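Trainee: Just so you know, the sequences run in chain order A and B. Using this note's numbering, the first residue of the first sequence is number 13, and each one after it goes up by one. Using this note's numbering, the first residue of the second sequence is number 63, and each one after it goes up by one. In this text, a Cβ means the ideal position worked out from N, Cα and C, and glycines have one as well. Computed from a prediction, not measured in an experiment: that's the story for all the values here.
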Amino acid sequence: MSSNAEIERRIGNDYQAGFVTDIESDTIAPGLSEDVVRFISAKKGEPEWMTEWRLKAFRAWQEMAEPTWAHVHYPEVDFQALSYYSAPKSMADKPKSLDEVDPELLRTYEKLGIPLHEQMALAGIAVDAVFDSVSVATTFRAKLAEAGVIFMPISEAVHEHPELVKKYLGTVVPQRDNFYAALNSAVFSDGSFVYIPKGVRCPMELSTYFRINEAKTGQFERTLIIADEGSHVSYLEGCTAPMRDENQLHAAVVELIALDNSEIKYSTVQNWYPGDKEGKGGIYNFVTKRAVAHTNAKVSWTQVETGSAVTWKYPSCVLKGDNSVGEFYSVALTNNYQQADTGTKMIHLGKNTRSTIISKGISAGKSQNAYRGLVRMNPTAAGARNYTQCDSLLIGDQCGAHTFPYIESKHPSAVVEHEATTSTVSDDQLFLCRQRGIDTEKAVSMIVNGFCKEVFKELPMEFAVEAGKLLEVSLEGSVG
Amino acid sequence: MAEQFHAQQLALATEQARNPLLAALNAAGQQAFAAASVPNRKTEAWKYTSLHNLLTGDFQRTASQSDLTAGLREVATLGSLKAARLVFINGQLSSELSDALALQQVTLFSQADAEQQALISQHLGTVLAHASSNNSGSAHLFNDLNNAALNDGVLIHVGKNQRLEQPLQISWLSSNNPQPFSITSRLLMVLESGAEATLVEHYASDEQPQNSFTNALTELVIGDNARLQHYRLQLMQEDALHIGSTHVDLARDSQYSAFHLGLGTRLTRNDIVVNHNVGGSHCELNGVYIPQNQQLLDFHTCIEHKVPHCTSNEVFRGIMNDKARAVFNGRIHIHPQAQKTLAELSNKNLLLTNTAEIYTKPELEIYADDVKCAHGATVAQLEEKAMFYMQSRGISKKEAEVMLSFGFINELLEALPHEDIALVLRPLLAHRFGRDQSLSRHLLENETAGLSGENA
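Given below as structure tokens:
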């Protein structure tokens, strides 16, 4: 009996963030039209230029077709069946501080392991939490303001810092960039806005947690980070969603602007609901993330992708300025029926630009995991350098691991190196562990952790631990 | 533009196809070609390969009768290679230069006896057909066009446990014609179990400016324990256009080792598809592309591992000069049943100028877990340290460049199992790199002492 209970518990444990928070929310009827775009804009009390900007994106989107080139298969998304705006009702008049936040919401974040006050204070991390489509709480604003750092929901930034938003929004990912980016530009409801002034080193880690709660809604958040000359910022985002039978859509856009001599480090721990063991439900994660690095600037993407039913995500760097640096460190794990098509683009424009790509794909169960990357050396990229390594690990004989690296070079002094390997957790490795009294599941988890070590060491320390645990949970039941 | 080309080629194909033995294949090809659309830059497998020169080239007729010039005679000897030859000039057999028809293993589709006709019906088009299911883009409309227009071809049948001592050289030569024209060529080779052979496919032309478009298709059926060494040398003049496909079927414990060389043409597209159909087979696929001036050379390779216990090793190298462009797409596809596969691919490229371009994409698509697969790709220029080393010893910069480029390719030539062919290729490549004879002179002094006199 007790062993049964244990099994039950384990199965239930698969997706720990799968609860639904029961709070009243303000959701508009499904469907998308110019009126809906106007409604969202009006709901946010946005100025005219912002509404126009959205409408331009919406009109572009109407003419675009959904991309089909990725190595993923899913039933067509009916964009008219989704609701494009959902906000917790009690947020209608925004809380001024954390104390005013709906305690139900706070408990949600605590369940997620995101205690907004104490632990983050100890960890020294400022958090912006986005619940469904609305930013619910931003911590440490005052402290950050002292340093001159602006960290707030983008909906507020539109009002408080229109000059910055106007200047940078859409400059990295234009409205017409791709199907999902256009959709996001039209209907995005919130997200984080960060501005680090000249020469400032952001005093703490910045962080955003995203959560989809409401059923039949899509989440479209938009993040804009601007690091002014000589500044430095490290930013982390985390994502979760409830367990639901239907597929939900998440189409975010992240734009990073690293001006001369600045540095942005952007880390993601993505744990959207991946669907159940039969592949039912789960989030469709179609995300556009791109950074522009100016002279001597550095942009570093680190991602740990364990969730989502379907992932379509390519955090990219446009290395525009001379000597700029782009990095991409990724661990993508798929289990059961998950599908991931993820990778990066490194566009080298400036002289002596450098990029590093380290990608680790792990596929288990019946999942498909693809790395798709582009390294482009433009005719102006003298002395540019790229190193790419993408390794895949297969666990079980029904999954797939794929690699599609595109390399385009137009400059003789640019050097591109690409390496990829595919292997499995070998019987020898398992035998060695088991011989020393480590059970199979633990052994696999150890081997996988070792496989991902190069990427984990790039994560902020607190999250490296979390990421390791996340992999362990996600792999449960995939061996033996 | 594309529609016009499509319509013209379909009309030409219908007019050309007259062999009753091939009627079914022709009809299927014409139907498939009529239904297919001409790829453009949005077609994934043709993303970097512009067909502009082909589509605007007015290739709506076959060649008129052409003379056997001294230039063609010289080219046909392929550097005095000792081989049994079949020589075609603008698609027509030149009986004067061909001696291979004397061999019982070699015949033309149009001269096949009943037994050989049965072989043709059994195999022709079947190897090619695998490509339509592999989703790699190598099943394109030019294959359909070849099927549609096919009137004659070469059949090579090596019987059980037979061993062909001499290499078989099949030369498809083109010469200048008053008007642009198309050539459709086809080769079917069947090796029965335990057979062994060396095949040299040679595409070349005389020194005149060319106005031909060659659509060449080769199907190789390699039986149990059979071994084939395959050299496919594309040495046409720089105005010619060439679209070629090589499709290979491998049976139990068979071996296919190939060397593909791309030097000529304004536009080349080469698809190479190797199907591991039964366990124990091994494929060694190597190649070199060296475009210069305005050339565009495109190699798409696809290794299909369909069954367990097969191995493949692929090495392609390229050197891009002037305003040339090269495309390499190397795909390894491991099917779910293909456990215990070993597959490797390496692609190294040198860019010599600011205006040259390379697009490379090594692909792995893996659906089985107990496999070892790796691929690597690099793009760079000649190593600075090596250049410095040579210059510090009094070798001019230009000369050092030539020597290092040659060395980069020569590594592959040295691995060729057939030394005679390496000896034929070295002077060709040395000449290519040197351009100016005085620079390439040194390259051959040590390398090919045995061949002195022939390269002068």
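Could you name the residues of the segment 422–435 of chain B whose beta carbon sits closer than 8 Å to any beta carbon of chain A, in the order they occur along the chain?
Mentor: Result list: 422, 423, 424, 425, 426, 427, 428, 429, 430, 431, 432, 433, 434, 435.
Trainee: Suppose the cutoff is 8 Å on Cβ atoms and the five residues either side in sequence are ignored; what does the same chain contact list for residue 480/B look like?
Mentor: As a position in the second sequence, residue 480/B is number 418, starting the count at 1. Only 229, 260, 291, 293 meet the Cβ criterion.
Trainee: Would you identify the three-state DSSP class for residue 130/A, choosing helix, strand or coil?
Mentor: Within the first sequence, numbered from 1, the residue matching residue 130/A stands at position 118. Low confidence applies to residue 130/A: its pLDDT is 43, below 50, so where it sits in the model is not reliable, and the reading given next is rough at best. Of the three classes helix, strand and coil, the one that applies to residue 130/A here is helix, per DSSP.
Trainee: Starting from residue 427/A, find everything on chain B with Cβ-Cβ shorter than 9 Å and list it in chain order.
Mentor: By one-based count along the first sequence, residue 427/A stands at place 415. Simply 440, 441, 442, 443.
Trainee: Could you list which residues in chain B have their beta carbon closer than 8 Å to that of residue 209/A, in chain order?
Mentor: Working through the first sequence from its first residue, we reach residue 209/A at position 197. Simply none; closest approach about 40 Å.
Trainee: Which residue's Cα is closest to the Cα of residue 290/A: 330/A, 315/A, 377/A, 429/A?
Mentor: For this step, residue 290/A is matched to residue 278 along the first sequence. It is 377/A.
Trainee: Decide yes or no for the touch test of the segment 359–366 of chain B against the segment 198–207 of chain B: beta carbon pairs closer than 8 Å, at least 3 of them.
Mentor: They touch, by the three-pair rule.
Trainee: If you reduce the DSSP assignment to three classes, tell me which class residue 134/B lands in.
Mentor: The count along the second sequence starts at 1 and reaches residue 134/B at position 72. Correct three-state label for residue 134/B: helix.
Trainee: Note down, in chain order, all residues in the segment 342–368 of chain A with a beta-carbon under 8 Å from any beta-carbon belonging to chain B.
Mentor: Taking 8 Å as the Cβ-Cβ cut-off against chain B, none of the residues of the segment 342–368 of chain A qualify.
Trainee: Using a Cβ-Cβ cutoff of less than 6 Å, which residues in the same chain neighbour residue 342/B once the five nearest sequence positions on both sides are dropped?
Mentor: Locating residue 342/B in the second sequence gives position 280, where the first residue counts as 1. The answer, listed in chain order, is 314, 315, 371.
Trainee: Checking 8 Å against the spacing of the C-beta atoms, do residue 189/B and residue 100/B come in under that value?
Mentor: Counted from its first residue, the second sequence places residue 189/B at position 127. Counted from its first residue, the second sequence places residue 100/B at position 38. No. Outside cutoff.
Trainee: Does residue 415/B come within less than 8 Å of chain A when only Cβ atoms are used?
Mentor: By 1-based counting over the second sequence, the position of residue 415/B is 353. Taking Cβ atoms only, chain A reaches closer than 8 Å to residue 415/B, which makes this a yes.
Trainee: Taking the alpha carbon of residue 283/B as the point to measure from, which residue in 274/B, 308/B, 386/B, 77/B has its own alpha carbon closest?
Mentor: Working through the second sequence from its first residue, we reach residue 283/B at position 221. Cα-wise, what sits closest to residue 283/B is 308/B.
Trainee: Counting beta carbon pairs with one atom in the segment 404–420 of chain B and one in the segment 67–86 of chain A, are three or more of them shorter than 8 Å?
Mentor: At 8 Å Cβ cutoff, the stretches do not touch.
Trainee: Out of 200/A, 152/A, 207/A, 186/A, state which residue places its alpha-carbon closest to the alpha-carbon of residue 175/A.
Mentor: The count along the first sequence starts at 1 and reaches residue 175/A at position 163. The option with the nearest alpha carbon to residue 175/A is 207/A.
Trainee: Strictly by DSSP, which residues pair up with residue 376/B?
Mentor: As a first step, residue 376/B must be located in the second sequence, where it is residue number 314. For residue 376/B, which the question treats as bridged, DSSP gives the partners 347/B, 407/B.
Trainee: Between 91/A, 294/A, 270/A, which has its C-alpha nearest residue 305/A's C-alpha?
Mentor: Numbered from 1 along the first sequence, position 293 holds the residue referred to as residue 305/A. Of 91/A, 294/A, 270/A, the residue nearest in Cα terms is 270/A.
Trainee: Starting from the beta carbon of residue 495/A, find every residue of chain B whose beta carbon is closer than 8 Å, and list them in chain order.
Mentor: With chain A covering 13 to 492 only, the question about residue 495/A has no answer from this structure.
Trainee: Tell me which residue opens and which closes the beta strand (DSSP E) that residue 1/A is part of.
Mentor: As shown, chain A starts at 13 and ends at 492. That puts residue 1/A outside it, with no answer to give.
Trainee: Residues of chain A with a CB under 7 Å from the CB of residue 420/B: which are they?
Mentor: The residue you call residue 420/B lines up with position 358 of the second sequence. By Cβ distance, chain A contributes 421.
Trainee: Could you spell out the range, first to last residue, of the beta strand (DSSP E) harbouring residue 5/A?
Mentor: For chain A, the structure presents residues 13 to 492; residue 5/A sits outside this window and is missing.
Trainee: Step through the CB atoms of chain B and report whether any lies within less than 8 Å of the CB of residue 473/A.
Mentor: Taking the first sequence and counting its residues from 1, one reaches residue 473/A at position 461. Answer no: the Cβ-Cβ gap between residue 473/A and chain B never drops below 8 Å.
Trainee: Where does residue 56/A land, buried or exposed, given buried means 16+ other C-beta within 10 angstroms?
Mentor: Translated into the one-based positions of the first sequence, residue 56/A becomes position 44. It counts as buried.
Trainee: According to DSSP, is residue 114/B helix, strand or coil?
Mentor: Your numbering for residue 114/B matches position 52 in the second sequence. Here residue 114/B sits in helix by DSSP.
Trainee: Is any beta-carbon of chain A found at less than 8 Å from that of residue 106/B?
Mentor: Your numbering for residue 106/B matches position 44 in the second sequence. Yes, residue 106/B lies at the interface with chain A (some Cβ there is under 8 Å from its Cβ).
Trainee: Let me know if residue 144/B comes out buried or exposed under the rule of 16 or more other beta-carbons within 10 Å of its beta-carbon.
Mentor: Counted from its first residue, the second sequence places residue 144/B at position 82. Burial call: exposed.
Trainee: Please report whether the beta-carbon of residue 437/B lies at a distance below 8 Å from any beta-carbon of chain A.
Mentor: Within the second sequence, numbered from 1, the residue matching residue 437/B stands at position 375. True, the Cβ-Cβ gap to chain A drops below 8 Å.
Trainee: Thinking C-beta only, is residue 311/A closer than 8 Å to residue 303/A?
Mentor: Counted from its first residue, the first sequence places residue 303/A at position 291. Counted from its first residue, the first sequence places residue 311/A at position 299. Yes.
Trainee: Do residue 457/A and residue 487/A have their C-beta atoms within less than 8 Å of each other?
Mentor: Translated into positions along the first sequence, residue 457/A becomes position 445. Translated into positions along the first sequence, residue 487/A becomes position 475. Going by C-beta atoms, residue 457/A is nearer than 8 Å to residue 487/A.
Trainee: For residue 349/B, count the other beta carbons within 10 Å of its own beta carbon; 16 or more makes it buried, fewer makes it exposed. Which is it?
Mentor: In the second sequence, the residue the question calls residue 349/B occupies position 287. Under this definition residue 349/B is a buried residue.
Trainee: Which residues in chain B have a C-beta closer than 9 Å to the C-beta of residue 81/A? List them in chain order.
Mentor: Here residue 81/A refers to the residue found at position 69 of the first sequence. In chain order: 106.
Trainee: Considering residue 165/A, what are the terminal residues of the beta strand (DSSP E) in which it resides?
Mentor: In the first sequence, residue 165/A corresponds to position 153, counting from 1. Here the beta strand (DSSP E) through residue 165/A covers 162–165.
Trainee: Would you please state the rounded distance, in angstroms, between the beta carbons of residue 360/A and residue 384/A? I believe it to be under 8 Å.
Mentor: Working through the first sequence from its first residue, we reach residue 360/A at position 348. Working through the first sequence from its first residue, we reach residue 384/A at position 372. Contact flag wrong, Cβ pair sits at about 18 Å.
Trainee: How would you write the range of the beta strand (DSSP E) that residue 452/A sits in, first residue to last?
Mentor: Reading the first sequence from its first residue, position 440 is the one you call residue 452/A. Not the beta strand (DSSP E): residue 452/A falls in the alpha helix (DSSP H), residues 452–468.
Trainee: Work out the CA separation of residue 383/B and residue 74/B for me, nearest whole Å.
Mentor: Mapped onto the second sequence, residue 74/B falls at position 12. Mapped onto the second sequence, residue 383/B falls at position 321. When rounded, the distance between both Cα atoms is 36 Å.
Trainee: If you draw a straight line from the C-alpha of residue 129/A to the C-alpha of residue 332/A, how long is it?
Mentor: Start at 1 with the first residue of the first sequence, and residue 129/A comes out as number 117. Start at 1 with the first residue of the first sequence, and residue 332/A comes out as number 320. Below a pLDDT of 50, predicted positions are generally treated as unreliable, and residue 129/A, at 47, falls in that range; no measurement from the model is reported.
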